[in-house]
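> Position in the sequence shown (first residue = 1) + 9 = our numbering. C-beta atoms are modelled at their ideal positions from N, C-alpha and C, and glycine is treated no differently. Computed from a prediction, not measured in an experiment: that's the story for all the values here. Structure incoming, see below.
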Amino acid sequence: MAEEPAYNITKKYVSAARKLFSFSRQATSTVSARQFKMMTRNGHLLSGASVVGAVLLAASGSGFTTLIENQAESLFYLLRGKVTPPKDIVILAIDNESISRPKESYEIDPVKYGYLEPLKSFPFQRRVYSQVIDKLIQAGARHVGVSILFDSPNRFAEADDKQLIDVLQRHGDKVTLAALYEKFELPQGDFWQLVLPHQKFRTGSTSIGYTNFPLEIDNKVQKLGSLFPKQLAAQDGIVPSVMPSFDQSLLLAANIKYPQPKGDRIYFYGESQTFHTFSFWNVFEPDFWDTNLQGGKVFKDKIVLIGFTARVQEGEDYYPVPASSNWLSPEKMSGIEIHANAIATLMSGKTIVAPLSNPLQQGLFVLVLVGGCTLIIARIKRSTNRFVASLVFGIIWGGISYSLFVYGQLILPTAIPIMAISTVGICYLGTEVFRDKLRKSQLVSILQKHASNRVVQEIISQQEDLKDLLGERLKEISGKVLDGRYKIVTVLGSGGFSETYIAEDTRLPGNPLCVVKQLKPVNNKSEQLQVARRLFKSEAQTLQMLGNYNQIPQLLAYFEEEEEFYLVQEYIIGRPLNREISNCERLGEQAVIEMLKDILQTLIFVHSKGVIHRDIKPSNIIRRKSDGKLVLIDFGAVKQVSTQVINSQEQTAFTIGIGTKGYAPREQCLGYPQYSSDIYAVGMIGIFALTGIPPHELPVDENQELKWTDKATTSIGFTKILNKMVVDNHHSRYQSATEVLQALHELTGSTFPDHYHLFTDNSSTTLLAPDDSDAPTEPWN
10 MAEEPAYNIT KKYVSAARKL FSFSRQATST VSARQFKMMT RNGHLLSGAS VVGAVLLAAS
70 GSGFTTLIEN QAESLFYLLR GKVTPPKDIV ILAIDNESIS RPKESYEIDP VKYGYLEPLK
130 SFPFQRRVYS QVIDKLIQAG ARHVGVSILF DSPNRFAEAD DKQLIDVLQR HGDKVTLAAL
190 YEKFELPQGD FWQLVLPHQK FRTGSTSIGY TNFPLEIDNK VQKLGSLFPK QLAAQDGIVP
250 SVMPSFDQSL LLAANIKYPQ PKGDRIYFYG ESQTFHTFSF WNVFEPDFWD TNLQGGKVFK
310 DKIVLIGFTA RVQEGEDYYP VPASSNWLSP EKMSGIEIHA NAIATLMSGK TIVAPLSNPL
370 QQGLFVLVLV GGCTLIIARI KRSTNRFVAS LVFGIIWGGI SYSLFVYGQL ILPTAIPIMA
430 ISTVGICYLG TEVFRDKLRK SQLVSILQKH ASNRVVQEII SQQEDLKDLL GERLKEISGK
490 VLDGRYKIVT VLGSGGFSET YIAEDTRLPG NPLCVVKQLK PVNNKSEQLQ VARRLFKSEA
550 QTLQMLGNYN QIPQLLAYFE EEEEFYLVQE YIIGRPLNRE ISNCERLGEQ AVIEMLKDIL
610 QTLIFVHSKG VIHRDIKPSN IIRRKSDGKL VLIDFGAVKQ VSTQVINSQE QTAFTIGIGT
670 KGYAPREQCL GYPQYSSDIY AVGMIGIFAL TGIPPHELPV DENQELKWTD KATTSIGFTK
730 ILNKMVVDNH HSRYQSATEV LQALHELTGS TFPDHYHLFT DNSSTTLLAP DDSDAPTEPW
790 N
């Protein structure tokens, strides 16, 4: 058969490369056109649905809407923390100590603690409250509010009632008593009734106000008591009696002018025990009254609120409020403390305003806010950036809402907009993830349909995110027996041109482990298989020749099965070099020199046989456990060099660029590997070991030369050797591994072994395309 011209051979290889890139574009763009548009459209539709859903939810005015917005307000209170309450409001609390301590002390010594006799039993008699009211007003208290319902007379101690009546007649203009809306259950149905203090206590100018607060859907108290009658009217159709709330009645009776409330929500100054509080029984202690209470001066010009903080009955006059130290499980606050917050809110004009109280207004607001943000997000190109933008917009609106709440006492829809904006970002991100999964699924489908096609394998091997999927597919073959003797144990790895397994040799005693490498031809056409079979045998012979060296795995067998080609090699027990050197630690100069010497000794032998490894990297070098020697593995990328001159006028070489990023020099990536290409890779291993920086992350100067010397501490001589090994122009590098090894021996002052001169120096050999007129249009190796 006539010899084919070199330019035709080159043309075949160029055609193979073009097919590779064409196939790659076809595979990776399967989703990019029609499905990309569909996914993008779906992302827009889902985002639009999120906006519509948020608008409908806000406009519905449902209980869920109120619930989640109340949670946002509670979070604002939690972030804000306590603020200093007005000093002119004091709570006189009937706490647990006021109920139990006086009784215990009086029973121990009735003479010594005779002043506690009125508090010896609970509930307290009316005279107890009359004494306290009288004492407070004489001490200069501006007004006393008693949040206790005196709805029935004491039939057995009229004198007790008379004391309270006398005090109210004398100081009634400075006292406010409590009324209460109570729910009664009758056979005809439930109804609410306003229960007032008994007629005998409604004397003089004593003011009265109901103590009820409207409750939200989560049973929290957030709004002023003045809204309670409206809530009753809305729920049960009741037209309540006209009476001011306890807080309004108290302020009116105390002649305290306060601005007209702009809102209807209480401004809570903090959680429970925020206001200045004294124990009720301390008023009866002479020593405490004279010292701690300064003879009553602490109550001068103050509004004093008397009420229970002790839970006399479970759940009585105790309610959850938005201001709490526990957001998800808020603590309850006593009614008298809620009244203190409400009175302070009215006095200071700090009612929380909800300017969008109408559900339709809220829906329109959410439409403008969320819709506007969505339009901006949709203009961003990448879905991940859209997701980040949605989070940023959500955070910004949360910050604006919080600032308006703290500094302007305004509460706007917060939770629903933030949730909607975040959902928009999630929709875009979700469609991107789904599209990516679909893309991977289609690539794997292509792989399964063309499992023997090396072009497909090359595409997969160049995409890190798909290598795991390829590994999952290969795990399915575990347990398969090849050639009737090699039982696959596990998948060791896969690449563009081969798949590697660890297998057991079932025909040998003990079933020793070996490495089986499946080599992949381009396609299964008969003429191509014939060429592939011949090249496979040629490569097997090359590997068998290389395996005679002690630091290269020995070829044990090779065979063909079901038009697939397999090599069986020695299994090296040891640790890959990439576990010795990493970006976590650095090696010293001497250790690196010894490591390079060991690798170069093997490389001299490989090059002497006319072979270029083309994929030297730390993971392809194993430190053998038995003797600590470095063993060079994975010759799947070997390129046997032909020295035959195809044409006296022109010498040409071409092969697909193979190697690993950072370790493959430029000429190898372009498809023109040299012996010095392997030397470059060895030099990069040394630099990685010295700097701890992966080769592909090292910076380069304007001449494309590596800048690494400032990141390691090395001698001038060793630096020069490494720089010459990794120079960008391959003509300027060491042209043989022997030269490098000899330079290292001269640097360390050691003797260069004479037996390395026995190997043929192929450094001047010109690399040509294989002399094969039957060569495939797409290269086998």
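So within the region 543–616, which uninterrupted beta strand (DSSP E) runs reach at least 3 residues, ignoring any that extend past its ends?
Segments of the beta strand (DSSP E) lying fully in the region 543–616: 564–570, 573–579 and 583–585.
> Is residue 258 helix, strand or coil when you go by DSSP?
Residue 258 sits at position 249 when you count from the first residue of the sequence shown. In the structure shown, residue 258 sits in a helix (DSSP, three-state: H, G or I).
> With residue 399 as the anchor, note down where its alpha helix (DSSP H) starts and where it stops.
For this step, residue 399 is matched to residue 390 along the sequence shown. Segment 392–417, the alpha helix (DSSP H) holding residue 399.
> Using the Cα positions of residue 613 and residue 443, report the straight-line distance between them to the nearest angstrom.
Residue mapping note: residue 613 aligns to position 604 of the sequence shown, counting from 1. Residue mapping note: residue 443 aligns to position 434 of the sequence shown, counting from 1. Cα to Cα, residue 613 sits roughly 50 Å from residue 443.
> Using the rule of at least 16 other Cβ atoms within 10 Å of the residue's Cβ for burial, across every protein chain shown, is residue 344 buried or exposed?
Residue mapping note: residue 344 aligns to position 335 of the sequence shown, counting from 1. The residue is buried, with at least 16 neighbouring Cβ atoms inside 10 Å.
> Can you grab the Cα-Cα spacing for the pair residue 239 / residue 156, in whole Å?
Taking the first residue of the sequence shown as position 1, residue 239 is located at position 230. Taking the first residue of the sequence shown as position 1, residue 156 is located at position 147. Straight-line Cα distance between these residues: approximately 21 Å.
> Given a cut-off of 8 Å on the beta-carbon distance, is the pair residue 641 and residue 611 in contact?
Here residue 641 corresponds to residue number 632 of the sequence shown, with the count starting at 1. Here residue 611 corresponds to residue number 602 of the sequence shown, with the count starting at 1. Against a cut-off of 8 Å, the Cβ pair of residue 611 and residue 641 comes out as a contact.
> On the DSSP bridge assignment, give the partners of residue 320 in chain order.
As a first step, residue 320 is located in the sequence shown; it is residue number 311 there, counting from the start. Residue 320 pairs with nothing; no bridge assigned.
> Do you know whose CA, among 536, 568, 605 and 176, lies nearest residue 546's CA?
Reading the sequence shown from its first residue, position 537 is the one you call residue 546. Minimum Cα distance to residue 546 is reached at 568.
> Starting from the N-terminal side, write out each stretch of the alpha helix (DSSP H) that is 4 residues or longer and does not extend beyond the region 735–763.
Those alpha helix (DSSP H) runs which fall completely within the region 735–763 and span 4+ residues are 746–757.
> May I ask you to list the residues that DSSP assigns as paired with residue 329?
Stepping through the sequence shown from its first residue, residue 329 is reached at position 320. In the DSSP output, where bridge partners are listed per residue, residue 329 has 341.
> Please go through the same chain and pick out, in chain order, the residues whose beta-carbon is closer than 6 Å to the beta-carbon of residue 717, but skip the five residues on each side of it.
The residue given as residue 717 occupies position 708 in the sequence shown. Counting only Cβ-Cβ distances below 6 Å, and skipping sequence neighbours, we find 696, 700 and 707.
> DSSP three-state call for residue 81: helix, strand or coil?
Residue 81 sits at position 72 when you count from the first residue of the sequence shown. Three-state result, residue 81: helix.
> Check each candidate in 215, 740, 644 and 419 and name the one with the smallest Cα separation from residue 255.
Counting from 1 along the sequence shown, the entry for residue 255 is found at position 246. Minimum Cα distance to residue 255 is reached at 215.
> How would you write the range of the beta strand (DSSP E) that residue 190 sits in, first residue to last?
Working through the sequence shown from its first residue, we reach residue 190 at position 181. Its beta strand (DSSP E) spans residues 184–195.
> Tell me the rounded alpha-carbon separation between residue 356 and residue 309.
The sequence position of residue 356 within the sequence shown is 347, counting from 1. The sequence position of residue 309 within the sequence shown is 300, counting from 1. If I take the Cα positions, the gap works out to 18 Å.
> Could you pull the DSSP bridge partners for residue 152 from this structure?
Position 143 of the sequence shown, counted from the first residue, corresponds to residue 152. According to DSSP, which records beta bridges pairwise, residue 152 is partnered with 312.
> Evaluate contact between the region 361–378 and the region 64–73, counting only Cβ atoms and requiring at least three cross-stretch pairs below 8 Å.
Touching, yes.
> Expressed to the nearest angstrom, what Euclidean distance is found between the alpha-carbon atoms of residue 578 and residue 498?
As a position in the sequence shown, residue 578 is number 569, starting the count at 1. As a position in the sequence shown, residue 498 is number 489, starting the count at 1. Answer to the nearest angstrom: the Cα atoms are 15 Å apart.
> Identify every residue that forms a DSSP beta bridge with residue 287.
Translated into positions along the sequence shown, residue 287 becomes position 278. In DSSP, residue 287 forms a bridge with 101.
> Do residue 59 and residue 401 have their C-beta atoms within less than 8 Å of each other?
Taking the first residue of the sequence shown as position 1, residue 59 is located at position 50. Taking the first residue of the sequence shown as position 1, residue 401 is located at position 392. No, the pair does not count as a contact, with Cβ atoms beyond the cut-off.
> Check for me: the beta strand (DSSP E) holding residue 201 runs from which residue to which?
In the sequence shown, residue 201 corresponds to position 192, counting from 1. It spans 198–204 - the beta strand (DSSP E) in which residue 201 sits, taken as one unbroken run.
> Between which residues of its own chain and residue 698 is the CB-CB distance below 6 Å, once the five residues before and five after are set aside?
Residue 698 sits at position 689 when you count from the first residue of the sequence shown. Here the set comprises 590, 596 and 601.
> The alpha helix (DSSP H) that contains residue 526, what's its start and end?
Counted from its first residue, the sequence shown places residue 526 at position 517. Not the alpha helix (DSSP H): residue 526 falls in the beta strand (DSSP E), residues 522–528.
> What first and last residue would you give for the alpha helix (DSSP H) that runs through residue 369?
Working through the sequence shown from its first residue, we reach residue 369 at position 360. Residues 368–388.
> Measuring CB atoms only, is the region 296–315 touching the region 189–197, in the sense that at least three cross pairs come out at less than 8 Å?
No, they do not touch.
> Residues in its own chain within less than 8 Å of residue 84 by CB, not counting five upstream and five downstream?
Locating residue 84 in the sequence shown gives position 75, counting from the first residue. Excluding residues within five positions, the ones whose Cβ falls inside 8 Å are 336.
> What residue range is occupied by the uninterrupted beta strand (DSSP E) comprising residue 120?
For the purposes of this step, residue 120 is taken as the residue at position 111 of the sequence shown. That residue, residue 120, is in no beta strand (DSSP E); it is neither H nor E in DSSP.
> Leaving out the 5 sequence neighbours to the left and right, which residues in its chain are closer than 6 Å to residue 342 when beta-carbon positions are compared?
Reading the sequence shown from its first residue, position 333 is the one you call residue 342. Excluding positions up to five away in sequence, the list reads 281 and 330.
> On the CB-based measure, 16 or more other CB atoms within 10 Å of its CB, does residue 722 come out buried or exposed?
Within the sequence shown, residue 722 is the residue found at index 713, counting from 1. Per the 10 Å Cβ criterion, exposed.
> In whole angstroms, what is the alpha-carbon distance linking residue 104 and residue 151?
Locating residue 104 in the sequence shown gives position 95, where the first residue counts as 1. Locating residue 151 in the sequence shown gives position 142, where the first residue counts as 1. C-alpha separation (whole angstroms): 23 Å.
> So, do the region 260–268 and the region 287–304 have three or more beta carbon pairs nearer to each other than 8 Å?
Short answer: they don't touch.
> Tell me whether residue 431 sits in a helix, a strand or coil according to DSSP, three-state version.
The sequence position of residue 431 within the sequence shown is 422, counting from 1. Note: residue 431 maps to helix in three-state DSSP.
> Quick one: Cα of residue 89 to Cα of residue 409, how far?
Here residue 89 is taken as the residue at index 80 of the sequence shown, counted from 1. Here residue 409 is taken as the residue at index 400 of the sequence shown, counted from 1. Their backbone Cα atoms lie some 14 Å apart in a straight line.
> For residue 161, does the count of other Cβ atoms within 10 angstroms reach 16, so buried, or fall short, so exposed?
The residue labelled residue 161 in the question sits at position 152 within the sequence shown. By the 10 Å Cβ count, residue 161 comes out exposed.
> Could you tell me which of 363, 745, 211 and 224 sits nearest to residue 618, measuring between CA atoms?
Residue numbering aside, residue 618 sits at position 609 when the sequence shown is read from its first letter. Nearest C-alpha to residue 618: 745.
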